[in-house]
Amino acid sequence: MLRGGAFKPRTSPKSFQGLKEEGLEILKAVKKETNLPVITELMDAGDLDKLYEVADVIQIGSRNMQNF
Numbered sequence: 001m002l003r004g005g006a007f008k009p010r011t012s013p014k015s016f017q018g019l020k021e022e023g024l025e026i027l028k029a030v031k032k033e034t035n036l037p038v039i040t041e042l043m044d045a046g047d048l049d050k051l052y053e054v055a056d057v058i059q060i061g062s063r064n065m066q067n068f
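When we follow full-length UniProt numbering, the leftmost residue of the sequence shown carries the number 1, and every step to the right adds one.
Okay, here's the thing in structure tokens:
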């Protein structure tokens, strides 16, 4: 299994947030090349459809389980 995050969990909105859609494209390419299942973390419910196209397992982090 390949675990990679396109969206990075950060406490500061000014810090690096990950490669986002570009990161998903990289994960998709690596998945195709290696035939490894992909695990990644969902940071925002609005990104769920994008993750469905790439991820075999979608993680929900403990910080994202809180209802802010």
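We put the CB at the ideal spot given by N, CA and C, even for glycine.
Measure the alpha-carbon distance for D44 versus G18 and round it to whole angstroms.
The alpha-carbon atoms of D44 and G18 are separated by roughly 13 Å.
Along the chain, where does the beta strand (DSSP E) that runs through V30 open and close?
V30 -> not in any beta strand (DSSP E); alpha helix (DSSP H) instead, spanning E21 to T34.
Sheet register partners of residue 102 (DSSP bridge):
Residue 102 lies beyond the stretch modelled for the chain, which goes from 1 to 68, so this question has no answer here.
Figure out for me which residue from T11, P13, I58 and K14 has the closest Cα to the Cα of P37.
Comparing Cα-Cα distances from P37 to each of T11, P13, I58 and K14, the minimum goes to I58.
I'd like to know whether the C-beta atoms of G61 and P13 end up nearer to each other than 7 Å.
No.
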